[in-house]
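These notes concern the structure reproduced below.
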Amino acid sequence: MNEINNSNDLQSIITQAFEEMKSEQADRFDINKINLAELERRTGLTRAQLRRLKKNNFQVIPHALTGRKADTTIISGYSGVIDDLLKKGVSNSEVILERIQEQVFIVK
336 MNEINNSNDL QSIITQAFEE MKSEQADRFD INKINLAELE RRTGLTRAQL
386 RRLKKNNFQV IPHALTGRKA DTTIISGYSG VIDDLLKKGV SNSEVILERI
436 QEQVFIVK
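Counting in this note's numbering, the sequence shown runs from 336 upward without gaps.
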């Protein structure tokens, strides 16, 4: 098998499906008239995903929320407790979670 068959990259998967369909249909292949149900079967993507990709000329582009970060998160309120535990050498996430939960119950 070649590298394309072993890849999980979305663009590679779509390209491979197109190549297979081109080889089967030869001159009749038209990317604008592609059967989304057949492409869904070959790629495992939903037709909704394929419609979105078709609107973008089958180019995989990152979604609009890429790179966004929240100013404050739930965990940011416990960063002091987490930092203290990490300084003490506690690195087990379950232990850290238990200590945070203890802090929450003490505050209530």
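Ideal placement from N, C-alpha and C gives every residue a C-beta, glycine not left out.
Between the CA atoms of residue j and residue i - distance to the nearest angstrom
i	j	result
Asp-418	Arg-386	46 Å
Val-395	Ala-383	14 Å
Lys-357	Leu-374	12 Å
Pro-397	Ile-441	43 Å
Thr-381	Glu-359	22 Å
Close beta carbons around residue i, own chain, < 7 Å, minus the five adjacent residues each side
i	result
Leu-420	Ile-431 and Arg-434
Exposure label - residue i; buried when at least 16 CB within 10 Å
i	result
Ile-366	exposed
Leu-400	exposed
Arg-409	Strictly speaking, residue 409 in this sequence is Ile, with Arg absent from that position. Classification for Ile-409: exposed.
Ala-405	exposed
Ala-361	exposed
Leu-388	buried
Cβ shell of residue i (< 8 Å), same chain only, five flanking positions each side left out
i	result
Gln-438	Tyr-413 and Val-416
Closest residue to residue i among the options (Cα-Cα distance)
i	options	result
Ser-285	Phe-393, Ile-441, Gly-402 and Arg-363	The structure shown does not extend to residue 285, since the chain is modelled only from 336 through 443, so no value can be given for it.
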